[in-house]
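Residue numbers (this note's numbering): 2 to 76.
The C-beta atom is built at its ideal place from N, Cα and C for all residues, glycine as well.
See structure below.
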Amino acid sequence: MGELVKFIAKSLVDNPDAVQINEIEGEQSIIIELKVAPEDMGKVIGKQGRIAKAIRTVVKAAATKEKKRVIVEII
2 MGELVKFIAK SLVDNPDAVQ INEIEGEQSI IIELKVAPED MGKVIGKQGR
52 IAKAIRTVVK AAATKEKKRV IVEII
């Protein structure tokens, strides 16, 4: 899951080297923390959070196959 988020985020930002992913795995859910450079934050969130919502939707669809619940947090 983390690799999927990392791939999407690196495609969006100007500084792909600053993209960091931290996965916290629980019993039924996985929390994925996405960190990007401050100047790229707007590109990852998008207008009114549309891009962030799209990233969460794609990851949630991938997680459904593994019967896990995934939460994507942008830090």
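Of the listed residues the options, nearest to residue i (C-alpha basis)
{"i": "Ile22", "options": "Val45, Lys7, Asp15", "result": "Lys7"}
{"i": "Glu67", "options": "Ile31, Ser12, Pro17, Ile52", "result": "Ile31"}
{"i": "Asp41", "options": "Glu4, Ile76, Leu5", "result": "Ile76"}
{"i": "Ala10", "options": "Ala64, Glu26, Val60, Arg70", "result": "Val60"}
Expected contact under 8 Å - CB spacing of residue i and residue j to nearest Å
{"i": "Val14", "j": "Lys48", "result": "With a Cβ gap of about 16 Å, Val14 and Lys48 do not count as contacting."}
heavy atom of the ligand NAD below 8 Å from residue i C-beta
{"i": "Lys54", "result": "For the ligand NAD, the structure offers nothing, since it holds no ligand at all."}
Terminal residues of the beta strand (DSSP E) in which residue i lies
{"i": "Glu34", "result": "30-36"}
Opening and closing residue of the alpha helix (DSSP H) in which residue i lies
{"i": "Ile56", "result": "51-66"}
{"i": "Val45", "result": "42-46"}
{"i": "Ile76", "result": "Looking at the DSSP string, Ile76 is not in any alpha helix (DSSP H), and its letter there is neither H nor E."}
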